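Following: one structure in structure tokens, then a few remarks.
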Amino acid sequence: MSITIAEKHSTAAKQYVQAVYETVSKRNHHEPEFLQAVKEILDSLIPVFEQQPQLMEAGILERITEPERVVSFRVPWVDDNGKVQVNRGYRVQFNSALGPYKGGLRFHPSVDASIIKFLGFEQIFKNSLTGQPIGGGKGGSDFDPKGKSDNEIMRFTQSFMTELYKYIGPDTDVPAGDIGVGAREIGYMFGQYKRIRGGYEAGVLTGKGIVYGGSLTRKEATGYGCVYFVQEMLASKGLSFNGSKVVVSGSGNVSIYAIEKAQQLGAHVVACSDSNGYIVDEEGIKLDTVKRLKEVERKRISEYVKEHPNAKYVEGCGGIWSVPCDIALPCATQNEIDEKDAALLVESGVKAIGEGANMPSTLEAIEVFLNNGVLFGPAKAANAGGVAVSSLEMSQNSMRLSWTFEEVDAKLHGIMKNIYNNSVKAAEEFGYAGNLVVGANIAGFKRVADAMIAQGVV
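Quick note: the sequence shown uses the working numbering, first residue 772, plus one each step.
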């Protein structure tokens, strides 16, 4: 079963989608990640436009592929040596048809306009799939928090928020964390926002500390949610995590809690990674060690083998997909699985893929998985748990109350189950039964499109 569905159609709808993509490509020719995300989604929407040609007349694609607002700004700060450093900050406010812009902030040297736009575009559909009243946005900076002191990170984040605060608010745009932005960074930014605004607007950021308005289960949400989604995929084929061999890329927030939930469900997780390399522990990953190394000591994953000599460490993170497994959970970064990696996974007998990161598989890799009957949970569906609980955090802030861990976890589980069911239903409705890439794209798109039509040409 192929992700590429354009050749199946020779209609005005196909011509319309291709024309829109050509316009987007010319306008954003220097932004490959953004164009990749747009291409993947637009092709899968052709059957929708065939059935509902009025959407073409409304110019939905022309509008949804152009951000409502893009903000780029200078972030000056002083390092511990007294030297002035300058980074670039971004916030892309892509679509507010369903609610205030919602999406994380990423601090990583790779961040540029293309990365932020691809993430923001994906966020529109991911947020829609949750069923929550949130639009799509994304932001960040090319600042690298690795190796920086707490004081340097505080000075940077305060400078970042001094500009960003002009464009955000509980009813306007609600950022959260992403790669390089955890509880520490969110805390510093919230403090600076509160200082500038002169008021306590708890709902302006999510991923906050529990003591000042955060939500229980938020830290675990993306990893847990990914596993919940894959659990539904497996159950549809009479399979489960129990007794399955699992490989999880990354060792950050998403990876750690995907490992935790998979292990709780009886999985045998044998490998994880960071940007330098990966570890394989055939006895099973010792999660307490990984948590301490990455969340507390902020060390490299290579330190794991010093405490567990039966494990092995391999330089270069890409090789992790050569480790045979039943279930693969790519939870590190975009395009980490290419066509060759996908072929290796298929050859080793992988049964299911759950994308915990944003767009971790290339289009060619997804083709390999679908054509070989591998259960495939696309990122915009499988990793929507984080933003789902962020929306629940917003709700708690608005009501000035806190739900228990069990209450939030149950709501998260229900949301992920609904995302799976809605994706399955949409795929079946438009003639692509079993293709959750197409199903998730269509289900997410239709809700946004309906809202955009109802609100007129804005």
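Backbone N, C-alpha and C fix where the C-beta goes; we use that ideal spot for every residue, glycine too.
Please read all numbers here as calculations on a predicted model, not as lab measurements.
Can you give me the C-alpha to C-alpha distance between residue i and residue j, rounded to a whole angstrom?
{"i": "Thr977", "j": "Ile812", "result": "27 Å"}
{"i": "Ala1198", "j": "Asn1192", "result": "10 Å"}
{"i": "Ala1018", "j": "Ala1103", "result": "Note on identity: in this sequence residue 1018 is Val, with Ala being the wrong assignment. Taking the straight line from one Cα to the other gives about 12 Å."}
{"i": "Ser867", "j": "Leu876", "result": "17 Å"}
{"i": "Arg840", "j": "Gly940", "result": "15 Å"}
{"i": "Ile1050", "j": "Tyr787", "result": "47 Å"}
{"i": "Ala1222", "j": "Thr836", "result": "15 Å"}
{"i": "Leu1163", "j": "Val975", "result": "13 Å"}
{"i": "Asn1154", "j": "Glu1126", "result": "6 Å"}
{"i": "Lys946", "j": "Tyr872", "result": "Going by the sequence as given, residue 946 is Pro instead of Lys. Looking at the two C-alpha atoms, the distance is approximately 8 Å."}
{"i": "Val1025", "j": "Leu832", "result": "31 Å"}
{"i": "Lys810", "j": "Gly1144", "result": "22 Å"}
{"i": "Asp851", "j": "Lys1070", "result": "21 Å"}
{"i": "Met827", "j": "Gly1210", "result": "20 Å"}
{"i": "Glu1053", "j": "Lys1083", "result": "9 Å"}
{"i": "Glu956", "j": "Met925", "result": "7 Å"}
{"i": "Gly953", "j": "Glu1177", "result": "22 Å"}
{"i": "Thr1133", "j": "Asn1168", "result": "38 Å"}
{"i": "Arg1171", "j": "Val1179", "result": "15 Å"}
{"i": "Asp1109", "j": "Pro904", "result": "34 Å"}
For residue i versus residue j, is the C-beta spacing smaller than 9 Å?
{"i": "Lys909", "j": "Gly874", "result": "yes"}
{"i": "Gly1023", "j": "Gly1087", "result": "no"}
{"i": "Val1038", "j": "Gly1014", "result": "Checking the sequence, you will find Ala at residue 1038 rather than Val. Result yes, Cβ atoms of Ala1038 and Gly1014 sit closer than 9 Å."}
{"i": "Gly1156", "j": "Gly996", "result": "yes"}
{"i": "Glu934", "j": "Ala808", "result": "no"}
{"i": "Val1001", "j": "Ala1123", "result": "yes"}
{"i": "Val1067", "j": "Ile1056", "result": "no"}
{"i": "Phe927", "j": "Trp848", "result": "yes"}
{"i": "Leu890", "j": "Val863", "result": "yes"}
{"i": "Gly984", "j": "Ala973", "result": "yes"}
{"i": "Val846", "j": "Phe931", "result": "yes"}
{"i": "Ala829", "j": "Ile1190", "result": "no"}
{"i": "Ile981", "j": "Ser1161", "result": "no"}
{"i": "Pro824", "j": "Ala784", "result": "yes"}
{"i": "Gln1105", "j": "Ile886", "result": "yes"}
{"i": "Leu987", "j": "Phe1012", "result": "no"}
{"i": "Phe967", "j": "Tyr936", "result": "Note that residue 967 is Ile in the sequence shown here, rather than Phe. Yes, the pair counts as a contact, with Cβ atoms nearer than the cut-off."}
{"i": "Asp1097", "j": "Lys1016", "result": "yes"}
{"i": "Glu802", "j": "Lys888", "result": "yes"}
{"i": "Asp1045", "j": "Ile1027", "result": "no"}
Is the beta carbon of residue i within less than 8 Å of some heavy atom of the ligand HEM?
{"i": "Glu833", "result": "The model on display carries no ligand, and the ligand HEM is accordingly not part of it."}
Who pairs with residue i in a beta bridge, going by DSSP?
{"i": "Gln864", "result": "Arg840, Gly908"}
{"i": "Trp848", "result": "Gln856"}
{"i": "Ala1099", "result": "Val1018, Ile1124"}
{"i": "Val1051", "result": "Ala1042, Lys1083"}
{"i": "Phe1147", "result": "Ile1124"}
{"i": "Val952", "result": "Asp949"}
{"i": "Thr940", "result": "Checking the sequence, you will find Gly at residue 940 rather than Thr. Bridge partners of Gly940: Asp944."}
{"i": "Ser1132", "result": "Ile1108"}
For the beta strand (DSSP E) that contains residue i, what are its first and last residues?
{"i": "Cys1043", "result": "1039–1044"}
{"i": "Phe931", "result": "It is not in any beta strand (DSSP E) - Phe931 instead sits in the alpha helix (DSSP H) that spans 921–935."}
{"i": "Asp944", "result": "944–947"}
{"i": "Leu1116", "result": "That residue, Leu1116, is in no beta strand (DSSP E); its alpha helix (DSSP H) goes 1110–1118."}
Ends of the alpha helix (DSSP H) at residue i?
{"i": "Tyr872", "result": "Run containing Tyr872: none in the alpha helix (DSSP H); it sits in the beta strand (DSSP E), 872–878."}
{"i": "Phe1000", "result": "989–1006"}
{"i": "Ile1186", "result": "1176–1200"}
{"i": "Asn1013", "result": "Element bounds for Asn1013: n/a, residue is neither H nor E."}
{"i": "Ile895", "result": "884–900"}
{"i": "Ala1029", "result": "1024–1035"}
{"i": "Gly1156", "result": "1156–1170"}
{"i": "Glu833", "result": "831–835"}
Notebook entry, point to check: Are the stretch 1176–1188 and the stretch 962–970 touching by the rule of at least three beta carbon pairs closer than 8 Å?
Noted result: no
Note to self: Quick check: the stretch 985–994 against the stretch 1028–1044, are at least 3 beta-carbon pairs closer than 8 Å?
What the structure shows: yes
Next item on the list: Report yes or no: do the stretch 1136–1154 and the stretch 912–932 share at least 3 C-beta pairs separated by less than 8 Å?
Entry: no
Margin query: Using 8 Å as the cut-off, can you tell me whether the stretch 813–823 makes contact with the stretch 1210–1219, which would need three or more C-beta pairs spanning the two stretches below that distance?
Written below: yes
Next item on the list: Determine contact between the stretch 1092–1099 and the stretch 1108–1116, defined as no fewer than three beta-carbon pairs at a distance below 8 Å.
Entry: yes
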